[in-house]
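Some notes on the structure that comes next.
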Amino acid sequence: MKTYEVEVRIWLKPSVFDPQGHAVEQALHTLGYAEASDLRIGKYMHLTVQSTSLSEAQMRVEEMCERVLSNPVMETYAYTLKEVALS
Amino acid sequence: MKWAVIVFPGSNCDEDAASAIREVTGDEAHLIWHDASDLSDFDAIVLPGGFSYGDYLRSGAIARFSPVVEAVKREAQKGKLVLGICNGFQVLTESHLLPGALLRNDNLQFRCEMTELVVENNQSPFTADYAIGERIRIPIAHGEGRFVADDTTLAKLQTGRRVAFTYHANPNGSVQNIAGILNEQGNVLGLMPHPERAVMEWMDSVDGRRMFLSMHRYMKEARALVGANGSANS
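Those sequence lines, one after another, are chains D and B.
According to numbering that gives the first Met the number 0, the first sequence is numbered sequentially starting from 0.
According to numbering that gives the first Met the number 0, the second sequence is numbered sequentially starting from 0.
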């Protein structure tokens, strides 16, 4: 068994209005950061996964993202996997 | 008639819904814990408001995997009436019994107030006692009630006359002012406003009563029909 460190990031789809991101972007503008735009607030999740191989781990994480961690109706996701050495 | 009001960890409008049903219809209303796996004994199912499983991942996202939701799906397929209120509506979209999704209000506020709804469809078991175009007063209490759906879904909802209620003044940024929608068969209704909080004079509105009465009447007629067919066949 190998251990993988997984980072999952989830955002609302670009077509869906993100009120939190909009509010924070407005705040940046008010504070003089006029160059900031397209601010979106998403979710970040960190987990470890035990698996026999990288491809197996990827398949399982993909399934977790599709089925539970994100709602494909309104969200998109991205993830990275990194094998970690067990001490 | 016998109603099941489903209780998830975090439901907080379960007792209100059960009381409203008993008060308005005189029927039995039972609180059913989320680990139940058989709802075949009930005539109608209500998914009440609240914050199931804390809504930590997304509203309704974890509740969707409760054993009872599989039972709700089975009964819905049989044509049984299923009413999802507020968090119940969110559970219905997450479990794909209804299309679309409910997101954070566009104004970032938790809105708790009386709203005016427009009755868009009075041909459903839930809305038969209302007049089409009628304005009714039902309160809302939510931070994540902005209904969104893609254009194809919205077109299907409109052509199928599946938008049951719209807001007269949109409190959350819902697309097309949508407050409540029906499934394709018309036996599942999800809505963000709380009809169980508008059933007594002291609640400042009694407009929610007719939803429960309409459901009660529909179930009674459906049962009478089954009875009549049964005796005709024997």
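Just so you know, even glycine gets a beta-carbon here, dropped at the ideal spot from N, CA and C.
Which residues does DSSP list as the beta-bridge partners of residue i?
i             : result
residue 141/B : 110/B
residue 44/B  : 3/B and 81/B
residue 102/B : 145/B
residue 212/B : Answer is none; residue 212/B lacks a bridge partner.
residue 38/D  : Residue 38/D is not bridged to any residue.
residue 29/B  : 3/B
residue 265/B : Residue 265/B lies beyond the stretch modelled for chain B, which goes from 0 to 233, so this question has no answer here.
residue 7/D   : 44/D and 78/D
residue 49/D  : 2/D
residue 115/B : 136/B
residue 204/B : 199/B
Classify residue i: buried if its beta carbon has 16 or more other beta carbons within 10 angstroms, exposed otherwise.
i             : result
residue 109/B : exposed
residue 22/D  : exposed
residue 24/B  : buried
residue 233/B : For residue 233/B, the predicted structure reports a pLDDT of 40, less than 50, and the residue's modelled location is therefore unreliable. A value from the coordinates is still provided. So residue 233/B counts as exposed.
residue 46/D  : exposed
residue 156/B : buried
residue 107/B : exposed
residue 192/B : buried
residue 43/D  : exposed
residue 166/B : buried
What residues from chain B crowd round residue i, counting only those whose CB sits closer than 9 Å?
i            : result
residue 22/D : 107
residue 63/D : Simply none; closest approach about 11 Å.
residue 18/D : 102, 103, 104, 105, 106, 107, 145 and 172
Measure the C-alpha to C-alpha separation of residue i and residue j and round it to an integer number of angstroms.
i             : j             : result
residue 98/B  : residue 8/B   : 24 Å
residue 28/B  : residue 33/D  : 57 Å
residue 40/D  : residue 83/B  : 29 Å
residue 214/B : residue 126/B : 8 Å
residue 234/B : residue 219/B : Nothing can be reported for residue 234/B, as the shown portion of chain B is limited to 0 through 233.
residue 64/B  : residue 66/D  : 10 Å
residue 231/B : residue 224/B : Confidence at residue 231/B is low in this model, with a pLDDT of 45, below 50, so the placement of that residue is unreliable and no value is reported for it.
residue 41/B  : residue 0/B   : 8 Å
residue 10/B  : residue 31/D  : 44 Å
residue 80/B  : residue 85/D  : 53 Å
residue 184/B : residue 96/B  : 11 Å
residue 61/D  : residue 6/D   : 12 Å
residue 115/B : residue 105/B : 19 Å
residue 35/D  : residue 18/D  : 16 Å
residue 159/B : residue 117/B : 17 Å
residue 111/B : residue 139/B : 5 Å
residue 186/B : residue 71/D  : 25 Å
residue 93/B  : residue 221/B : 29 Å
Can you name the residues of chain D whose CB is closer than 8 Å to the CB of residue i?
i             : result
residue 93/B  : 70
residue 60/B  : 67 and 70
residue 196/B : Result: empty, since nearest Cβ-Cβ is about 26 Å, beyond 8 Å.
residue 57/B  : 70
Could you tell me if the beta carbon of residue i falls within a distance shorter than 8 Å of some heavy atom in the ligand ADP?
i            : result
residue 38/B : Inclusion of the ligand ADP in the displayed structure is not the case, the ligand content being empty and no account of it being possible.
Cβ closer than 7 Å: which chain D residues qualify as neighbours of residue i?
i             : result
residue 110/B : The premise fails here: residue 110/B is roughly 13 Å from chain D at the closest Cβ pair, so nothing lies under 7 Å.
Since residue i meets chain B, which of its residues come closer than 8 Å, beta carbon to beta carbon?
i            : result
residue 15/D : 102 and 147
residue 73/D : 100, 102 and 147
Identify the contact partners of residue i in chain B, using a Cβ-Cβ distance below 7 Å as the criterion.
i            : result
residue 58/D : In chain order: nothing, as chain B lies at least about 20 Å away.
Assuming the contact rule is C-beta atoms closer than 8 Å, residue i and residue j should be a hit. Round their C-beta distance to whole Å, please.
i             : j             : result
residue 0/D   : residue 51/D  : 6 Å
residue 163/B : residue 180/B : 6 Å
residue 15/B  : residue 195/B : 5 Å
residue 2/D   : residue 49/D  : 6 Å
residue 241/B : residue 88/B  : The structure shown does not extend to residue 241/B, since chain B is modelled only from 0 through 233, so no value can be given for it.
residue 198/B : residue 174/B : With a Cβ gap of about 29 Å, residue 198/B and residue 174/B do not count as contacting.
Residues of chain D with CB under 9 Å from residue i, in chain order?
i             : result
residue 161/B : Residues of chain D passing the Cβ test: none, with the nearest at roughly 16 Å.
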